[in-house]
Structure formats: C-alpha cells, structure tokens
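Colleague:
4 protein chains.
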Amino acid sequence: MERIKAAIIGASGYTGQELARLLLAHPHIELIAVTSRRYEGLPLTRLYPALAGATELIFSKEAPEALAGKADVLFLALPHQVSQNIMGVLAESGKKIVDLSADFRLADAAVYERWYGEHTQKELLGRFVYGLPELFRGEIRVKSFIANPGCYPTSVLLGLAPALGKGLIKADTIIIDSCSGVSGAGREPQVDTLFCEVAQGFKAYKVGGRHRHIPEIEQGLARLAGVEEITVSFTPHLLPVNRGILSTIYASLVEEQGEQELHSLYRDFYKDEPFVRVCPLGSLPNISAVAGSNYCDIAVAVDKRTGRLIVISAIDNLIKGAAGQAIQNMNIICGLPETTGLQANSIFP
Amino acid sequence: MERIKAAIIGASGYTGQELARLLLAHPHIELIAVTSRRYEGLPLTRLYPALAGATELIFSKEAPEALAGKADVLFLALPHQVSQNIMGVLAESGKKIVDLSADFRLADAAVYERWYGEHTQKELLGRFVYGLPELFRGEIRVKSFIANPGCYPTSVLLGLAPALGKGLIKADTIIIDSCSGVSGAGREPQVDTLFCEVAQGFKAYKVGGRHRHIPEIEQGLARLAGVEEITVSFTPHLLPVNRGILSTIYASLVEEQGEQELHSLYRDFYKDEPFVRVCPLGSLPNISAVAGSNYCDIAVAVDKRTGRLIVISAIDNLIKGAAGQAIQNMNIICGLPETTGLQANSIFP
Amino acid sequence: MERIKAAIIGASGYTGQELARLLLAHPHIELIAVTSRRYEGLPLTRLYPALAGATELIFSKEAPEALAGKADVLFLALPHQVSQNIMGVLAESGKKIVDLSADFRLADAAVYERWYGEHTQKELLGRFVYGLPELFRGEIRVKSFIANPGCYPTSVLLGLAPALGKGLIKADTIIIDSCSGVSGAGREPQVDTLFCEVAQGFKAYKVGGRHRHIPEIEQGLARLAGVEEITVSFTPHLLPVNRGILSTIYASLVEEQGEQELHSLYRDFYKDEPFVRVCPLGSLPNISAVAGSNYCDIAVAVDKRTGRLIVISAIDNLIKGAAGQAIQNMNIICGLPETTGLQANSIFP
Amino acid sequence: MERIKAAIIGASGYTGQELARLLLAHPHIELIAVTSRRYEGLPLTRLYPALAGATELIFSKEAPEALAGKADVLFLALPHQVSQNIMGVLAESGKKIVDLSADFRLADAAVYERWYGEHTQKELLGRFVYGLPELFRGEIRVKSFIANPGCYPTSVLLGLAPALGKGLIKADTIIIDSCSGVSGAGREPQVDTLFCEVAQGFKAYKVGGRHRHIPEIEQGLARLAGVEEITVSFTPHLLPVNRGILSTIYASLVEEQGEQELHSLYRDFYKDEPFVRVCPLGSLPNISAVAGSNYCDIAVAVDKRTGRLIVISAIDNLIKGAAGQAIQNMNIICGLPETTGLQANSIFP
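Residue numbers (the working numbering), protein chains in the order written: chain R, 3 to 351; chain B, 3 to 351; chain P, 3 to 351; chain C, 3 to 351.
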C-alpha cells in the first residue's frame, strides 16, 4: 500500500509536534512537510530532541497552496482566526483537511463571532464536520474536512453522551469542573506557564462562564440531547502536570438510578469503541492512565443523598483532545482502520 | 510574660511536625514534649531535618496524664478513634485541649458513628467547641476544649458563609468540587501516595457522597444557614502538590446578583478577619499563594448564563486546615492575640 | 511467523509492568503469563489501569518450572538473591532467560558476595552474558542467558566506552555523578519515596562509594579499557521525576583533545547503533527526551581550563536501563531484528 | 528603636520579591519603596498575591538618587551590567548598598570583562566587600557596600572552606557538580523555563567551563586556600524544583582522612555559625530541608576506595543564595544581630 502524504501547517507548538510524533510512527503515512514561520530552516528535532532518530524534517514556510499541491492530507495546528485565513485556498485544493483550531467547530457563525471574533469564511462552515468519531462517526465518514474538537469538549461530550442521550439527566443542572495540564496553554513563553508559577500551585481561570470552549460544549450537548439549547456551568483549572484533562461532571437525575444500571448503560454505549474505556465500578480515572494514549477513561457514580449523577472523564489533551483525535479522523476519512497508529497505551509511571 | 507550656501528642506525622514548627517559632509558647510510639527516642529532627537548629526535642511516649501534668495546652494530632480513647483522662486534667482529629467535631454522636465508627466519649462532646474562629469565635472564647475543623470543611465553610448567611443561595443546589495536596493523606507509606503514583496524575476519590468530611461540612452549613439540614454533593480530588486545598463551589442564586455586590458582601463579611483575604475582582486564588500561611483566599464569581454563584477558596491544608488553625484557636482560648505566631506569608515560588 | 511465548516472573513492580507493556505491543511476542505472589488472582490492569485494553492477564503464582514448560522466553524481574533461587530450575529447562536482577551480572562471585550477600548459584555465572548490546553484542548472540545490566551502569558504560576504548582518559580520574528518577526505587511503599518527601526535593544517597552498582560499573569499565581493574567515584542522587537517569561523568584527558574530534569519535563509534544518539555539538541530553524510549542520548564536552573530558548520558531507567534493554537482548537471542517493539520515541512534554 | 528604611531597586523578579517578603517581616526594617520599570503603578501584590496582607506597596520607577535620598539601605536586584550603571550615583549618597548582581563580586576587573562584558565602574570595585559572612565577616563589618555572592558560589565556598583552609585537599582536583531549581533562571518568560519543558526533565547546561559563576568560585577558593589561583571544573544542572541548589563536590585528599575527623573538623569550623548546619554523620542534605530558610546544610564523606573527599552542600538559591544573605549582610553593616528576620526554618513538606 502506498503511503498517504501528510503535511502539518504550524508544527512548532506542542500540538504540532505531537501530530508529527504520531504521524512519523503511523504505518500508512509519510510526513512530507512541517511548517513554522518562526523556526524556518531549523530541524524539527532541534526544537524537539525527543524526535531525534525518527525524522530529518526541517521547518519550512511553504505556502499552503504549495503544500496542498503535494500532500494528500493537511493538518492545521494554527491559532484560531489564523486557520480560517488560509482555508479558502486549501478548500479548493480537493485535499483532505483536518483543522485543529476552533474556526470550524461551531456551526453557527454568530456564536463563533460572539466568542472568538470575526469569521471570514462562513461559507465554508457547512463543509466541515465536527470530528468526534465516537458520537458522529457516520457524518465524518462522508466528509473531507474535519473540525477537530477542543480538548475540554471532547472530555465532556464523551462523558455525558450516554446519560444525555437516554434522557436520564436534567439538562439545566449540568455543572462541569475541569482540570487541564499545562501543555493546553501552548509553548508560547508567558509568565503564567513558567515552571515556578505552576509547580506546587493550582487555580481556576476564566471562572463564571467565560471560557471559549463553552459554546462548543453546549452545541454538542444540545445535539446529543436533541434539543435546541443547553446551558452549562463550566470552570477550567490549571493543573501542575504536563498533559491531561480530567472533568468532573455533575447533573441531577430525572429519576433515581442505580450505579450498576448506569454503569451498564455506559459500558453498553461504548462497547465497540476502541478508545473509550469505562472503568470497572469502584475504579476511577486518573490522568496518568491516559496520558500518552488516545484513550478516554470514564467512570460514573451516583450521589444517592442528592440524586445527582457524577461522571468523571479523563483524556490526554494533546492526543484524544487534539493530535490523536485528528489522526483518528484522518484514518476514517482516508479509509484506514480507525485505530491505526493510535494503539499505544499510556506509559506509566 | 511567662511562656505557655505546650505538648503535642502524636507528633510524627505531617500535621504533628507542622504544629511543632509553628509552636517552636511562637513567641509565647514553650514546646515541652512531642510524642510518638513508633519513633520514641529519636530526635524530632531525625525525621524532619528541616527543623534542625530550632529544637533538640526527642520523641517520647509519655502517658497523656503525665503530659497533662506538666503542659498547659495539649495538642492531639492522632487518628480519629485514637483521640477519644485518651480524652477521658485528659478532660479531667483541667488543661486546655486542641484536638485535631474528627472525634469531637460532630455534635451528634449518631452521625459520628454512621461515618466513623463507635464513639466511646459521647458525654464529652458537649464540652468541645467547633474551632473555626472566623465563624464561631464567640463560642470558642468561652471554652477550653477545641475540636479543630477538618481541612476540606474549613475551605468550604469559609467560602460559603457570607452567601449562605444572607440567604442568597439555594441550599439544595450546593456542589463542592475540592482538590487537595498529598500531605492530606499523611506520612504512612502506601502505594497511592508514592511519588510515581501521584506525579503527573490527577484523580477524584470517594466519589458519590462517600467522604467523611461530608457530615462535618453539612453540619457547619446548616448552622450558618440556620436550618435543620443541608445536603451537598462533595467530590475530593488528589492533586500532585505537597500542600493546599482549592474548593470550587457552585450554588444557584435565589435571585440575580451582580458580581460587584457579591464581592462587596464578601469583603465586608471578612473585613476584620486577619486570615481571610477576599481576592480583588478579576483575581482568583491559587494554592501557591496560601501554602505555608494561615490564610484562606476567597474569590466570588457569578455565572450569569446559569444564575449560579461560584466561590473559590484556597487554604494550606496543614496550616489553616490543621496546625495553623489549631494555634489560632489556642491563641484565643489562652488570651493571646489571635494572630500570634501565624503571620508568615506564603513563600513563593 | 508464529509468536514467541514470553512470561514475566515478578511482574507487579514498575519494571515488571514496563516489560508487560512493551511485550504486549511487541509484534512477535505473545505474553502468556505474569506472576506475583502478593497480587495473585488480580488482573494486571487492576494495578496498572494504563494497560487496560491491551490485556486481560491475571497475576498468577505459577511455579517457575511450570512457566518454563510453556514459555519460550522467561523474564525475571525479581529482587537480587531471589532471582538466583529459582535459576537452578530454570537453567535446566532449555529456555531462554533474561534476568533483570543483579545476580548474574558480576563475573566474580567474590565481588558479588562482598556487595550483595551470598551467591548460591556460582556455577551458573559462566552461562550468563552481560547484556549491553552496544558493547557486547557479539557475545550476546551466542548465549541463551542474559544478565540484564543495571540502570546506572548502562548510562555510564555507554557514556565512557568510546573514550575509554581509545585510551583517551586517565582511568583513575573517573568521577560519575548520577541522578535517577524515583521509579528506580521500586513500588514498595516507603517513606522516602512518598510524593511529599520527594517533590521539591533533591538529595544524594549512598555517598562515598557505597552503591551496589559500583562493582558492575568498574567491571564494565575495566573490560572496555582492557585492564585488570578500574576504581571510580560514583554518587547517585534522587531526582523528583518519575523516570530517567542522567550521568555527568568527569575524567582527565591523557592529552589535549578538541571537542570536535571527540564528538566525531563518539559519532563514529555509535554510527550504526539504533539506540544511541550522540547529541549535536552544543546540544545536551535531557531526561525528558529519552523517557519513554529505549534511547541513550550522549553529549561530550571538553573543559579546556582543566583538561577534563565531560560526558553526559541520559536514559530511561525503566527502558534502556531495564525492560527495554531486556527486550533488546531477547530480540538478539531470539533472532529477531534488534529494534523490534522498541522504536517508540519519547513522548514530550 | 527606629526602623531602618530600605528600598529595593528592581523588585519585580523572584529575587526582588523574596527580598520584599523578608524585609516586610523584618522587625527593624521599614520597606519604603520597590521599583520596576515594567510594572510601574501596579501593586506588588498584583504580581505576587502571596504577599497580600503584608503590604500595599506600589511599584514605582523612582530614580536611584531619589531613593537614596530617603532610604537608609538600598538593595539592588538588577541584572549584571545594569547594576553598575546606577552605582556611580548611589555610591556618592553615603547610604548602605547591597548589590545582588555580579557587578562588584570580582576583584579583578579584567576577569569580570572576560566573563561578563565591559565594566564601567572599576574605581568602585575596591569599596565593595564580597558578602559571604561565614567566611569574610571581619571585612564585611567595616564596609558599607556589599557585593552579594552568587548562589552557586555560596554553596561551593561554604562547602569547601574547612577542608581547603586546612590544606587537606589537592586544589587542582576539585570538581563541582551542581543542580539548581528553576527560580535561579528568573521570571522572564522563556521557552526553557516553561513548566512543560522542565517538569519530568533534567539536564546540564553550560558544560565544559562555560558558566559565569566559575571565576567567582575560583576567586573565593583561591582566597580560602591562600594561593594565587585555583582552577575547577563546574557543571550546573537544571532541576525540576522551584528553589534550591545542591552541590556535590569532589576533591582528592592530600593524605588519608577518616570521615569522623573530617566531620569533626567541619562541625568545629561552623560551630558558631547560626546558618550553617553540618549534618550528622550518615545523614545527607536535601534541598527540601533548606528551601525557605537561610540555612546551608553540609555533609562530608570520604570515598576510601579512591581517596577522595566528597562534600555535599545545599542552600535555597533565593535566600542563602540571594535575598537572605543580602539581609544577613545588611544586618551586619547596620549593627543588627545577624540573624534578625532570618530565623524561619524550612516549611516541609
């Protein structure tokens, strides 16, 4: 089988290099280009010595259209609003696209503009599919352009889908308390993500409904519930770990449920999913058991005293929350087995 | 002024040594004894070299009555159910007592027995006061026996008191998501608190209303609200940091409130409190800003989209959540200025 | 190709589970058994949830001879002196053996007994080969029993081999300053390896020529230098990281050398080695670039002011320093390509 | 007693704020100004919320001469070469000065210029004393201008002084392997000190005699040995901890020495020093036992097999290695008891 040619546009950040690492080890992919304006001319391994031995690639600043000319799949690991700027050109190339920015995740451009700023490519929105395979695989299969989900939304949507789909919880009682590792903040140097500022610390940020992943979470939940709109409370926190998101999600049960039944429901829902592991009853997810893997670990509990469902879900923000899911989507739209190149378990400790 | 003589019963754990550190630096205290069965005969500084230069104390296993004979104040840093066993003897000694276990925190012995096991000293319960000075200072002043609060309850009760006292929130909507540093689990070796198990990890534990601090939280909240009973959801998590608790607390507002008003309410409520710092609006607590100090940092936010109040409170679990609060209580019952020996700011980074 | 059957004796520790992780992903291996006395009957994934999805294996306590009856290769991840006790039986089985303990690393039983205690299987020593493939591949190929090297010795021997082999350094001036992650201390709970004792700390241990890896280092260096005996100073330190060893090695140069020449010498020496990466001049190893991989990263520098060579080498103590090297050895003695199952790059950050 | 007025020039970095923390708690000091160009107008507590409650100071950008007009003591926590630029003005003010930069540490301007660049205030060099009180207290007492030592040199000079002064070691065999916490790199955002780059990593830097603290170390050692010149090998490493330096120092003994004698020698040498703790034989320094304190912990061992002395010394780089030592020096030149404001023990864990 001839290898599919892939390029990463914006490969110098943590997500970009993670895409590179996974693609370099992918048996059916040839990674042909990595771009970076700032580091043009430097070997990828100069920035990321961990990749030495796996590649000789040099950062280029090739134009998107040139890349589209020679690659079969284009991964965009660019900041939001930067991605849309080159999408017009790429969309005409006929190549497959996986966009890891937020630019094409929200179906409603007005919502996008309220949270992110101007959207200049509204007409392209309809050509993208929201790439959360476990929930929307059918739609993904028939598209060529993927809007790869955000990290927090991935953990929340996978965590709530079974209960929400079955109508077991009251949608207006959903509270999401999430904690993310520092790599989620990127590699751009800033005081807030210095080692000394983060180690031995822990804090919430963007409290009170201010985080940009909220509309994406709400859009997804509403689709899962089959309703017009769901409004949630979402509080992100910064954890002193490199990778991982753990979301603790609360919702009132419509009626009493046993933990056992709920657990069975979740097990059933995800029984054919290669990347979702519903923890045995009595066992709980830990970021360290998913970091480095494409898994999402989920546990359910019932707080009988208050009638609430508590769901805990954990992912690696850079893999299932970004680069791994991007490749999972690529596998689907390229007709490869969905798990190809993504089967590594977490390395512990 | 003659120095008050203090002894620590059960001084080999993290809380015990933290009491020792603070008492050794306290200008009006002479620490005359530290006990430990396991380490009898060893210098305190052998276990805790950080204290070298400050003390020559040797762990003894003196009997409680002997200690009561020579000390003015007794601190008990023992596991629950061990504390009550020696309390009968101590209570007759006429000495002041600060108990850091859970044994005398719950006014209702039946509740204690549901969560902890048998209580053999029920008749002593009434002689203890729940030692959270910011909320119950009046009662503390007139007592000699302190039941020193748990770490999670301290962070929660200080966080909710202003809003709950004013009737601003619906008591049945309270959800508490708390994260604690590893020192809260003590110094007894166990796989779960090994460096390799904790570093780069994050997990919830005792999910679904199973943590023993729940009845203590609910007892305190009910008192603050002036109602019979409040039931909450409480989920603790284990953070990869040495010290600190951060609680993110959610509750539905009875009616719309502005963040500014709420902030003023909190500022007012705590304006004379030396150990509570209400963060400036727009600023949020971080464990690293309270670790090493007796401060509780609190921030309030309103999630307008959902009508919820979000309170975030942070303390050092070993200081404001244990040893520091114990000394604060001792200062009160011994007639010393409440802040004596407790004024250190956090060391950052 | 039929898969080779492997069993791990003593699989509940960090090294044992790392062997399991690597073997489960190895394309030519079928892992048929993992043993543990303490955890008999529990699934491997109960202790190590990171492996969920990859295996259903249950810890057994099958006798060594039974395992030898059905496996083609036996990995022993047991404490020293425990390993030798079962070696008599295993040695007669005709199966291939990779022993990760220290029991068969030292050719001279008297040296072993000076550092470790009694050796009851001296007659088997000659059947084992010291399994450091980059240096002794020829001998390994023709043997069936591997004494898998210690973690510190691996980092030191690979670091010094090129310079020592060429006679460039004075053997009596070698000083080795090594730092290891906490997983090197195993998973047995003890105060010293608790999170709170290690995080934010750093210390040396067994200072003054007291660490048991010294005779193994000296045996290896003497072989490389072709001399009777070499005596070194070796100081291990405990790093607050999960994995990794970094050794900074000092030795006086016999005569002046340029950094460029030395660098070329090292590049040449390791040019065909798939698992040794000599860093570009000006670049230095970091534990985080090798952790999770089977690589050893090496840099050389010359301190012109003092005429000393400084070599820095980094490995993952659980992989190149234990489980990975064990599999590398197994590949060799089983006739598989040496890199099979070991090609993953480090996951960063 | 009237309080001495102090100002900190360049107070926004980690060292500056640590000076502020210590001075704010110092019983005889009034901190009257903190300067920062970048943060002018912001409260000190906005950058460092840990200090909330202790101060209302606002960063100003007052001119040095204005500050000299109202303060009694001036602390300069500026980068090297910036400090010298304002020293001309300050030196004429008649006020006491503690300079924490490298600008006045090296007696020989030519050496300074070889390692740091131009020195424009050579004529002031003679008015400064190298402020390492344990070794040069006599000279410090009679001066008004302090060149506060570097962090690495402090750990090395205190570690070697007793042995070197007695002529027990061969000066040309000294090898220093040091590891520093990340705060030593300052608070300026850069990729290398981001959390994700440092956590779970460990590396050497400036290997091969390239670190600027080398001439300072060598100048100090030569003075201690009473010789013209000493040349050492010095390798710094970056540790994933916030604070602390641990130096492991090797040197060949001139003649055989017992550990016991050496230990006694060290104990004797430092017996009246309040801030040096020679560890009991068999016990070794740990960064976590000195972090947060002004202590230097030292252990000695003899490697009998190689005839080498091994000294291990640990300090907090921001306290004994910077701000604490600066205040210790200030206490001396202001006639205060040397330990004032510096008696806190390390907070552990």
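All C-beta atoms in this analysis are idealised placements derived from N, C-alpha and C, irrespective of residue type, glycine included.
Keeping to the same chain, check which residues put their C-beta closer than 7 Å to that of K72(B); ignore five residues upstream and five downstream.
Modeller: These residues qualify, in order along the chain: K7 and I34.
Colleague: If you measure between the beta carbons of L344(R) and N296(R), is that distance less than 9 Å?
Modeller: Result yes, Cβ atoms of L344(R) and N296(R) sit closer than 9 Å.
Colleague: 9 Å is my cut-off, CB to CB: does F147(P) come that close to chain B?
Modeller: So, not an interface residue.
Colleague: Taking all protein chains shown into account, do 16 or more other C-beta atoms lie within 10 angstroms of the C-beta of R2(C), making it buried, or fewer, making it exposed?
Modeller: Outside the shown range of chain C (3 to 351) lies residue 2(C), about which nothing can therefore be said.
Colleague: With 7 Å as the C-beta to C-beta threshold (strictly closer), list the residues of the stretch 177-196 of chain R near chain C in chain order.
Modeller: Within the stretch 177-196 of chain R, the residues whose Cβ lies closer than 7 Å to some Cβ of chain C are V184, S185, R189, P191, Q192, V193, T195 and L196, listed in chain order.
Colleague: Please return the same chain residues whose Cβ sits closer than 8 Å to the Cβ of V304(P), not counting the five positions on each side in sequence.
Modeller: Closer than 8 Å at Cβ, skipping near neighbours: L255, Q259, G260, E261, L264, R310, L311 and I312.
Colleague: Who are the neighbours of Q202(C) on chain R, taking C-beta pairs under 8 Å?
Modeller: Neighbours of Q202(C) on chain R, chain order: N244.
Colleague: Evaluate the contact criterion for the stretch 146-166 of chain P versus the stretch 92-99 of chain P: three or more CB pairs, one atom per stretch, below 8 Å.
Modeller: Contact holds: three or more Cβ-Cβ distances are below 8 Å.
Colleague: Quick one: residues in its chain with C-beta nearer than 6 Å to the C-beta of G228(P), no 5 flanking neighbours on either side, listed in chain order?
Modeller: The answer is none, since no qualifying residue turns up.
Colleague: Counting only C-beta atoms, is C198(C) closer than 9 Å to chain R at any point?
Modeller: Cβ-Cβ to chain R under 9 Å: yes for C198(C).
Colleague: Going by DSSP, which residues form a beta bridge with T237(R)?
Modeller: Bridge partners of T237(R): D179(R).
Colleague: Within its chain, find whatever has a CB closer than 7 Å to the CB of T341(P); leave out the 5 residues flanking it on each side and keep chain order.
Modeller: P276.
Colleague: What residues in the stretch 36-59 of chain R have a beta carbon less than 7 Å from any beta carbon of chain P?
Modeller: Going along the stretch 36-59 of chain R in chain order, one finds Y50, P51, A52, L53, A54, G55 and A56 with a Cβ nearer than 7 Å to chain P.
Colleague: Going straight from the alpha carbon of F350(P) to that of A293(C), what length do you get?
Modeller: Spanning the two alpha carbons is a distance of roughly 29 Å.
Colleague: Per DSSP, what kind of secondary structure is R212(C) in: helix, strand or coil?
Modeller: Note: R212(C) maps to coil in three-state DSSP.
Colleague: Tell me which residues share the same chain as K124(R) and place their Cβ nearer than 6 Å to its Cβ, disregarding the 5 neighbours each side in the sequence.
Modeller: Cβ within range, chain order: A111.
Colleague: Within the same chain, show all residues whose beta-carbon is closer than 8 Å to that of E231(P), passing over the 5 residues directly before and after it, in chain order.
Modeller: Result list for E231(P): E220 and A224, in chain order.
Colleague: Going by DSSP in three states, F61(P) sits in which element: helix, strand or coil?
Modeller: Three-state result, F61(P): strand.
Colleague: Hey, V209(P) and I314(C) are a contact pair by Cβ (cut 8 Å); roughly how many whole angstroms apart?
Modeller: About 7 Å; that satisfies the 8 Å criterion.
Colleague: What are the residues that DSSP puts in a beta bridge with Y252(B)?
Modeller: I177(B) and I312(B).
Colleague: Nearest by alpha-carbon distance to A324(P): which of G186(P), P282(P) and A346(P) is it?
Modeller: Closest by alpha carbon: G186(P).
Colleague: Just checking, does the stretch 75-86 of chain R make contact with the stretch 11-27 of chain R on the three C-beta pairs under 8 Å criterion?
Modeller: With a cut-off of 8 Å, the stretch 11-27 of chain R and the stretch 75-86 of chain R count as touching, because enough Cβ pairs lie within range.
Colleague: Are the CB atoms of F204(R) and L248(B) within a distance shorter than 9 Å?
Modeller: Closer than 9 Å, so yes.
Colleague: Tell me which residues share the same chain as T122(B) and place their Cβ nearer than 6 Å to its Cβ, disregarding the 5 neighbours each side in the sequence.
Modeller: Correct list, in chain order: Q86.
Colleague: Decide if E58(P) is buried, meaning its Cβ has at least 16 other Cβ atoms within 10 Å, or exposed.
Modeller: By the 10 Å Cβ count, E58(P) comes out exposed.
Colleague: At a CB-CB cut-off below 9 Å, which residues of chain P make contact with G294(R)?
Modeller: Those are A52, G294 and I349, listed as they occur along chain P.
Colleague: Just checking: is the beta-carbon of Y16(R) within a distance shorter than 9 Å of some beta-carbon in chain C?
Modeller: Yes, its Cβ sits closer than 9 Å to a Cβ of chain C.
Colleague: Distance check for L283(B) and Y1(R), CA to CA, integer angstroms please.
Modeller: Since the first residue shown for chain R is 3 and the last is 351, residue 1(R) is missing from the structure and cannot be characterised.
Colleague: Closest to Y41(B) by CA distance: which of R245(B), G18(B) and R212(B) is it?
Modeller: For the residues R245(B), G18(B) and R212(B), the minimum Cα distance to Y41(B) belongs to G18(B).
Colleague: Decide yes or no for the touch test of the stretch 158-167 of chain B against the stretch 157-172 of chain P: beta carbon pairs closer than 8 Å, at least 3 of them.
Modeller: As far as the Cβ criterion goes, the stretch 158-167 of chain B does not touch the stretch 157-172 of chain P, which means the pair count is below three.
Colleague: For Q254(C), go through chain B and note every residue whose CB falls closer than 9 Å to its CB, in chain order.
Modeller: Checking the displayed sequence, the identity of residue 254(C) turns out to be Ser instead of Gln. Simply none; closest approach about 29 Å.
Colleague: Using a Cβ cut-off of 8 Å, which residues of the stretch 294-313 of chain C contact any Cβ in chain P, in chain order?
Modeller: Listed by position along the chain: A301, A303, V304, D305, K306, R307, T308, R310 and I312.
Colleague: When we look at the beta-carbon of R143(C) and count the other beta-carbons within 10 Å, is it buried (16 or more) or exposed?
Modeller: It counts as exposed.
Colleague: Quick check: is the beta carbon of C281(B) nearer than 9 Å to any beta carbon in chain C?
Modeller: C281(B) counts as touching chain C.
Colleague: Any idea which residues DSSP pairs V302(R) with across the strands?
Modeller: Per DSSP, V313(R).
Colleague: Listed from N- to C-terminal order along the chain, which residues in the stretch 317-329 of chain C have their beta-carbon within a distance smaller than 8 Å of any beta-carbon of chain B?
Modeller: Of all residues in the stretch 317-329 of chain C, none has a Cβ within less than 8 Å of some Cβ in chain B.
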